[in-house]
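Under my numbering, the first residue of the sequence shown carries the number 128, and numbering increases by one thereafter.
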Amino acid sequence: MRNYYRYTPASRGSFGRGTGQNTGRNRLTIGIVLIVVVLLFVAYLKTGKKVDNTNSEIANLNIPAGNLSIKAASLTTADCDGVISVADTSEKVVTLTYDVGTLPGDLEKTITAAKAANVPTAFFVTGKIIETNKPLIESIHAASIPIYNHSYDNLRFTTLEDREIEAQLQGTDDLIKTVTNVSSKPYARLPFGVSSEHVVEIMRQAGYCPLTWTVDGLDISSTATLDSVSNRIDTYIKPGGIILLHAASDLAATATPRIISELQAKGYRFVSLDELFRIAKPVNSNANTSQNQNSNLNQTQAEDSQVKPA
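See the structure below:
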């Protein structure tokens, strides 16, 4: 507790030696000061402790200074009774995401490009990649880029038992926490975008909203070029859209600045996933993959011809 100056007649000389009216004024001034001090102290007791508790919680997270602007996720499982591939808005906002699946690819270049782009981005990472390439994943966090759940080893959830799906999500979340000190919930990207009503329910019970994408750049296709990736995204993107690129691709890093500049020239603004779902509610679908059916068809073709797994 703070020690405040306490006025007594013996200490009057500290304030001046006047007598008579001056003494009366001094006493009045001191009385006002004491009242103000008491009021400030009461305000401190009501608000100061709350601030201290908040700061302590943040300090305990061990998060670099660049990540201290923590906000609660704008999406909850109550918002996702299906697969999410887009937000319901006419505002020209989009989110750029990257998958780090069974191979890291040239992840360092992709991280550098994502950071240099100076727009919000996000990485969805598998647990196995964290185990085998943890320093690379730590570099994502060091760049102040969010890291989310992409299962443990990129297996289609429709082929797994309920407990296996839960283990895939929990195991990866635990590994992400070893890098970020925070949970990856509520966002989880479905491996290959494949799902079912039952898979959605299992994921929701585990605390996750299943995400896919609005448009996949198909940068992992063996026939992909910088032009094909950027043109595809330019063709199929829409307001509220989620863009997918792959860290295993040789094109992700070079395509990133071009995609951003071309969409910004069309009036699009890049936002984080949290901001996207603060702007608008998600569109839920029971479809197996993203709502863009053309994207689904080409994604299947890309899986058959790709030179690197997603």
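Cβ coordinates follow ideal geometry from the N, Cα and C atoms, glycine included. Note that the structure is a prediction, hence the values are computed from the model and not measured.
- Taking a cut-off of 8 Å on C-beta distances, the region 352–366 touches the region 217–234, as three or more cross pairs fall below it.
- N276 is bridged by DSSP to V252 and A315.
- In the three-state reduction of the DSSP assignment, V326 falls in the helix class, which pools H, G and I.
- Contact annotation, F250 with I274: C-beta distance approximately 5 Å; criterion of less than 8 Å satisfied.
- Within the same chain, D226, V227, G228, F251, V252, T253, T299, A315, R316 and P318 come within 8 Å of H277 by CB-CB distance, once the 5 residues on both sides are set aside.
- The C-beta distance from W340 to L371 rounds to 4 Å, short enough to meet the 8 Å contact threshold.
- Taking 8 Å as the cut-off, the Cβ atoms of L223 and L263 do not count as close.
- In the three-state reduction of the DSSP assignment, D377 falls in the coil class.
- In terms of CA proximity to S201, C336 leads the group D343, S388, C336 and A269.
- Going by DSSP, V356 is part of the alpha helix (DSSP H) stretching over L353 to Y363.
- Counting other Cβ atoms within 10 Å of its Cβ, S388 stays below 16 and is therefore classed as exposed.
- The three-state reading of DSSP puts I347 in coil, since its state is none of H, G, I, E or B.
- Counting every other CB atom within 10 Å of its CB across the protein chains shown gives N281 a total of 16 or more, marking it as buried.
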